[in-house]
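The next block holds one structure in the form of structure tokens; read it before the comments.
Chains as they are written, first to last, in full-length UniProt numbering: chain F, 1 to 145; chain A, 1 to 517.
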């Protein structure tokens, strides 16, 4: 049976370490599928101007395009080149919540993420995305330092 | 909606807008321009705000109330049947996670609300209660409840017939459902209605949605820091508006869009605290509202006076039937246009039924309106035109005094709120006007830039000049939008009924279901 590992990327160097760890893990497990996920932080409860609303669909497409070409596709291509079975996905939403739901939807067995790079006050009040993921995920989570 | 003049706020507006001393000192060019403009636009203004024969009830208000009643009956009280469903939609219960990142129902509702909640809720209600007595609140709530059906109708059509362009942007609103909807039904005249609506929308955006707001904001600032030339306020506002709508500086808009809801919530909370602090008076206040609704309690114009004022303020506060909300709501990307209609029906509820009622309750409970101890009826002022108030306040100052009687610092918060509401209204109406402009002249960077620059120039003019006649005309233009819009809605409402029947059936069968989040 194939084990699916979800790798959560945030476009920083910690993501690279998460990929390296997932590769190592996949090699040890054997039959493994890697799903590279990038979540664009977004909330349906923000306030926007009418003009922003009208251009929102266009902006969303641009954001997905950017995340795909800059982060997800290069990672998937590198994994494939290294002989792994890899696919990619880009979603909008709350990072922790969305990463978990993507994993559940795709039958992922575990999530590998880099240590979060959220900073300052926001992190102190709300906790980082990584902390939230560890607290609320439905599958085991590995946080790579 | 924040327009005041000609709507029973004549006294307040005149005091705010006109500067009799300056007028006497400088009877030159300004006065001549004002006079010429008044002569030119007078008949149109008089026509729009003309009272029904033998009454002081403006026919335009009756036009909106009848429309709201017709839609309420035609859609079998949709505002009640789908109220909880609307809340579920706003909460995102029915949103597909794969569509995350698109404009959410909540965002569309919040954007539309920021264009309607404002001076109408603060000053307009004070005038309604000040002239029509507590009973006006009853009629205001009733009109707000009926207006929910008008919003539902226009916003459903706004999404259904909007234009989606190849670059992913959208344009929607009454002008699109008039032209596309009429041609789909094989009806003539859709294009003419759309052009008429667009012209009124541009004029309304430049006037009530811009000049009047700038003028009110300046009055509030001058009230805090002392009198100074209006063009200074106008210039500052124009620069900020320019940076947002031309320069694309989103940070200011983002701050405003966050602060405005916060102000709205703070306002309602303060009202709630005052009401709770006077919990023993709540029963009495509602007693006054119900008794006043049917007996008048000695207010100017009696029961009919209360009814007129209540209906007027509700209609002019929540804009139901005017068509502006249909432009704001059409940005939502949904497979079911009717879902946006459901969400939009919450707008008059929040604006009128909740916020306006809060204002009215605070004014009544803090006993700003003077009661004759002998008769138990309200005492009229010397002119007999309104109820006598503590310190003779009316309009914004009446609301301010009512809140200030509980929290001495609140009038300052209120002044800041009015300024911010004015700014957010300008941003909203700049978009409504732009959409009408691009409908008439076509999409394109230069064409849009021309409108945006004109809009900014009008900010300065609005804050600087004595613009009584211009603002009368602008208000008339906004309500002329309602004449054209409601007329079109009567022809197109059967399209909405088909959508409603189909959606209801699929909701009942479970085909449309909640997503597990």
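Cβ atoms here follow ideal geometry from the backbone N, Cα and C, with glycine treated the same way.
- Non-local C-beta neighbours of residue 477 of chain A in its own chain, meaning closer than 7 Å and more than five positions away in sequence, comprise 200, 203, 204, 207, ordered along the chain.
- Between residue 447 of chain A and residue 441 of chain A, the alpha-carbon positions lie close to 7 Å from each other.
- Nearest in C-alpha terms to residue 171 of chain A, of all of F:141, F:13, F:51, is F:51.
- Along the length of the segment 371-451 of chain A, whole alpha helix (DSSP H) runs at least 4 residues long occupy 396-404, 410-441, reported in chain order.
- Here DSSP, grouped into helix, strand and coil, assigns residue 514 of chain A to coil.
- Within the same chain, and ignoring the five residues on either side of residue 114 of chain F in sequence, the residues whose Cβ sits closer than 6 Å to its Cβ are 14, 15, 17, 18, 144.
- Rounded to the nearest whole angstrom, the C-alpha separation of residue 505 of chain A and residue 498 of chain A is 11 Å.
- Residue environment analysis places residue 288 of chain A among the buried positions, since at least 16 neighbouring C-beta atoms fall within 10 angstroms of its C-beta.
- Residue A:103 holds the alpha-carbon nearest to the alpha-carbon of residue 53 of chain F among A:68, A:53, A:78, A:103.
- Short of 8 Å from the beta carbon of residue 56 of chain F, and not among the five residues preceding or following it, lie these beta carbons of its own chain, in chain order: 48.
- Along the segment 239-266 of chain A, going in chain order, the ones with a CB nearer than 8 Å to a CB of chain F are 244, 245, 250, 253, 254, 257, 258, 260, 261.
- Distance between residue 179 of chain A and residue 274 of chain A, taken at the CA atoms: about 49 Å.
- Of the candidates A:284, A:304, A:283, the residue whose Cα lies closest to the Cα of residue 293 of chain A is A:304.
- Sequence-ordered contacts of the segment 414-441 of chain A with chain F read 424, 427, 428, 430, 431, 432, 434, 435 [C-beta pairs closer than 9 Å].
- For residue 244 of chain A and residue 94 of chain F, the gap between their C-alpha atoms comes out near 27 Å.
- When rounded, the separation of the alpha-carbon atoms in residue 216 of chain A and residue 418 of chain A is 8 Å.
- Excluding the 5 residues flanking it on each side, residue 307 of chain A has same chain C-beta neighbours closer than 6 Å at 139, in chain order.
- Residue 96 of chain A and residue 346 of chain A have their alpha carbons spaced roughly 21 Å apart.
- Of all residues in the segment 314-334 of chain A, those with a C-beta nearer than 7 Å to a C-beta of chain F are 328, 331, 333, reading in chain order.
- Contact of residue 54 of chain F with chain A by beta-carbon distance below 9 Å involves 103, 169, 170, 171, 172, 330, 331, 431, 435.
- Taking all protein chains in view, the Cβ of residue 435 of chain A is crowded by 16 or more other Cβ atoms within 10 Å, so the residue is classified as buried.
- Residue 451 of chain A is outside the set of residues whose beta carbon lies under 8 Å from a beta carbon in chain F.
- Between residue 129 of chain A and residue 106 of chain A, the CB-CB gap reaches or exceeds 8 Å.
- Shown here for residue 162 of chain A: same chain residues with a beta carbon closer than 7 Å to its own, the five before and five after excluded, namely 170, 171, 172, 176, 330 in chain order.
- Interface with chain F (8 Å Cβ-Cβ cutoff): residue 515 of chain A is excluded.
- In the three-state reduction of the DSSP assignment, residue 256 of chain A falls in the helix class, which pools H, G and I.
- Counting along the chain, no alpha helix (DSSP H) covers residue 355 of chain A, and no H or E run does either.
- For residue 222 of chain A, there are no CB contacts under 6 Å within the same chain when 5 residues up- and downstream are skipped.
- Judged by DSSP secondary structure, residue 14 of chain F falls within the alpha helix (DSSP H) whose first and last residues are 13-29.
- Non-local beta-carbon contacts of residue 234 of chain A in its own chain, meaning distances under 6 Å to residues more than five positions away in sequence, involve 214, 459, 460, 463, 464 in chain order.
- Linking residue 121 of chain A to residue 263 of chain A through their CA atoms gives a straight-line distance of about 13 Å.
- Interface annotation for the segment 107-118 of chain A against chain F: 107, 108, 110, 111, 112, 114, 115, criterion Cβ-Cβ distance under 9 Å.
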